[in-house]
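Below: one structure, written as structure tokens.
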Amino acid sequence: MTDGRASSPSIAVVAAVNDEAILANNLLRSPMIAEGRAAFHAYRGAHSASSAYNRGIDETSAEVVVFAHQDVFLPERWEADLRRAIALVASRDPDWAVIGGWGIDGAGKHAGHVWSSGLGRRLGGRFSDPVEAQCIDEYVIVLRRASGLRFDEGLPGFHLYAADIVLRAREAGLRSWIADIPAVHNSRTVRGFNGGYTDAWRFMQSKWRAHLPIETLTVPIVRSPIRLMWSRFRLWKSWRYRRAKAYDHTLDPRELVRRLEP
Numbered sequence: 032m033t034d035g036r037a038s039s040p041s042i043a044v045v046a047a048v049n050d051e052a053i054l055a056n057n058l059l060r061s062p063m064i065a066e067g068r069a070a071f072h073a074y075r076g077a078h079s080a081s082s083a084y085n086r087g088i089d090e091t092s093a094e095v096v097v098f099a100h101q102d103v104f105l106p107e108r109w110e111a112d113l114r115r116a117i118a119l120v121a122s123r124d125p126d127w128a129v130i131g132g133w134g135i136d137g138a139g140k141h142a143g144h145v146w147s148s149g150l151g152r153r154l155g156g157r158f159s160d161p162v163e164a165q166c167i168d169e170y171v172i173v174l175r176r177a178s179g180l181r182f183d184e185g186l187p188g189f190h191l192y193a194a195d196i197v198l199r200a201r202e203a204g205l206r207s208w209i210a211d212i213p214a215v216h217n218s219r220t221v222r223g224f225n226g227g228y229t230d231a232w233r234f235m236q237s238k239w240r241a242h243l244p245i246e247t248l249t250v251p252i253v254r255s256p257i258r259l260m261w262s263r264f265r266l267w268k269s270w271r272y273r274r275a276k277a278y279d280h281t282l283d284p285r286e287l288v289r290r291l292e293p
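Quick note: the sequence shown, position 66, residue 97 per my numbering, numbers continuous.
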């Protein structure tokens with residue numbers, strides 16, 4: 032047995048689920064799940080992503096745990112891409128904590144490779160060497176069990192938990208990475224940063240006050256709430272334009288995989 036450092040660790044996939052049709056159309060179609068090559072655990076009725084994901088940590092034994100959104104499709108080559116990424120990361124950082132597929136690197140630039148139906152386009156493209164991350168997107172979070180990390184169940188709802196787990200890793204002296212593990216995020220267009228997002232943003236603002244500002248894939252976490260208010264307004268104002276560019280999220284994601292190719 033390895034501890035997630037080698038290229039062939041055991042893998043489990045965990046998801047928080049609130050829509051069975053979306054789950055069936057996307058994540059359950061992923062070959063590594065459909066063919067039983069990775070254990071799959073779905074958690075329904077959770078009050079937060081953190082609580083569902085910690086149950087996944089507790090109720091699985093795999094050396095690597097993949098936390099994926101229900102609207103994500105992992106293509107045929109994804110398992111091989113992941114194992115290659117783990118080997119590359121481990122060769123540079125044997126005690127790695129987290130790997131993501133899209134995020135913000137140490138220089139503050141976006142990095143990775145993913146198809147987003149909500150945005151109606153491919154983000155990034157194929158790349159060779161993993162880059163260290165200061166933030167990753169939540170659609171896929173790859174955690175090395177031996178890191179000992181858990182999600183903060185004080186963080187409310189279903190937002191910003193990827194930013195939090197990367198910060199928790201850094202606080203523990205561990206590093207997070209962005210690797211070439213392209214997937215399809217068959218998402219809806221985001222309409223606004225209201226309700227649960229605002230609660231999560233304010234929780235993170237308070238929890239990590241000593242570390243502000245914090246980059247995220249949505250709204251940077253800063254001392255003043257003005258940035259959040261402005262971002263909410265811009266998102267609301269641009270919704271019709273963004274929705275017109277988006278792809279139908281009910282499409283079979285297997286038909287979208289070709290859009291990940293150069």
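Glycine included, C-beta positions come from ideal geometry on N, C-alpha and C.
Span of the beta strand (DSSP E) around residue i
| i | result |
| --- | --- |
| residue 74 | 70 to 75 |
| residue 122 | Note, residue 122: premise wrong, no beta strand (DSSP E); alpha helix (DSSP H) at 109 to 123. |
| residue 158 | Neither: residue 158 is in no beta strand (DSSP E) and is coded neither H nor E. |
| residue 212 | That residue, residue 212, is in no beta strand (DSSP E); it is neither H nor E in DSSP. |
| residue 147 | 141 to 147 |
| residue 241 | No beta strand (DSSP E) contains residue 241, which DSSP labels as neither H nor E. |
Under 8 angstroms between C-beta atoms of residue i and residue j
| i | j | result |
| --- | --- | --- |
| residue 58 | residue 146 | no |
| residue 253 | residue 262 | no |
| residue 155 | residue 164 | no |
| residue 102 | residue 280 | yes |
| residue 180 | residue 174 | yes |
| residue 144 | residue 123 | no |
| residue 94 | residue 206 | no |
| residue 53 | residue 131 | no |
| residue 214 | residue 162 | no |
| residue 166 | residue 248 | yes |
Where residue i falls, given that 16 or more other Cβ within 10 Å makes a residue buried
| i | result |
| --- | --- |
| residue 50 | exposed |
| residue 47 | buried |
| residue 125 | exposed |
| residue 32 | Confidence at residue 32 is low in this model, with a pLDDT of 47, below 50, so the placement of that residue should be treated as unreliable; the coordinate-derived value is given next. Exposed, by the Cβ-count rule. |
| residue 178 | buried |
| residue 260 | exposed |
| residue 111 | exposed |
| residue 134 | buried |
Backbone secondary structure at residue i - three-state DSSP
| i | result |
| --- | --- |
| residue 32 | With a pLDDT of 47 at residue 32, under the threshold of 50, the modelled position of that residue is not reliable, and the figure given next carries that caveat. Residue state, collapsed to three classes: coil. |
| residue 261 | helix |
| residue 51 | helix |
| residue 104 | strand |
| residue 178 | helix |
| residue 291 | helix |
| residue 152 | strand |
Where the alpha helix (DSSP H) containing residue i begins and where it ends
| i | result |
| --- | --- |
| residue 89 | 80 to 89 |
| residue 197 | 192 to 202 |
| residue 285 | Segment: none, residue 285 is in no alpha helix (DSSP H) and carries neither H nor E. |
| residue 233 | 227 to 238 |
| residue 252 | No alpha helix (DSSP H) holds residue 252; DSSP gives it neither H nor E. |
Beta carbon proximity, residue i to chain C, threshold 8 angstroms
| i | result |
| --- | --- |
| residue 217 | This model lacks chain C altogether, as it is built from one protein chain only. |
Expected contact under 8 angstroms - CB spacing of residue i and residue j to nearest Å
| i | j | result |
| --- | --- | --- |
| residue 97 | residue 43 | 7 angstroms |
| residue 121 | residue 127 | 6 angstroms |
| residue 149 | residue 218 | 4 angstroms |
| residue 69 | residue 63 | 5 angstroms |
| residue 278 | residue 188 | Residue 278 to residue 188, Cβ: 26 angstroms. No contact. |
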